[in-house]
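Worksheet: the structure to be examined is printed underneath.
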Amino acid sequence: MVIPMPSREDQEQSNGEKTYQDLRSSYDEMNFDDLKTLYNGKIGEMSELGILEGFEGMKDPITEEDKPKLLETLIQMNDLLIQAK
Numbered sequence: 002m003v004i005p006m007p008s009r010e011d012q013e014q015s016n017g018e019k020t021y022q023d024l025r026s027s028y029d030e031m032n033f034d035d036l037k038t039l040y041n042g043k044i045g046e047m048s049e050l051g052i053l054e055g056f057e058g059m060k061d062p063i064t065e066e067d068k069p070k071l072l073e074t075l076i077q078m079n080d081l082l083i084q085a086k
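According to my numbering, the sequence shown holds residues 2 to 86 in order.
In structure tokens, the structure reads:
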């Protein structure tokens, strides 16, 4: 008997969290301005939750050359927000 593997969407719905690779892929597809907007939104959310202290984020101004570091920082921020909730 063959047991079907749950689809990727089913797996995401079951645990509500995306994997590192899923996040990285979705962030890679975003344009730079949207990534900066997402970053600023996550900074605000972290501040509201009181978990911003001690977090070393990006240095202003964030430029296109910073995109690889920005992608990694967004993933790190996502992990911190999940842990805090």
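Backbone N, C-alpha and C fix where the C-beta goes; we use that ideal spot for every residue, glycine too. The structure presented is a predicted model; accordingly, all values stated were derived computationally and were not measured.
- L82 and F56 do not touch by the CB rule: their CB atoms are close to 11 Å apart, not below 8 Å.
- C-alpha of M78 to C-alpha of K43: approximately 7 Å in a straight line.
- DSSP, read as helix, strand or coil, puts D61 in coil.
- For I44, the three-state secondary structure derived from DSSP is helix.
- Take I63, set aside five residues on each side of it, and the residues of its chain with a beta-carbon closer than 8 Å to its own are K37, Y40, L71, in chain order.
- Selection L53, K86, D67, T74 evaluated against F33 yields D67 as nearest (Cα-Cα).
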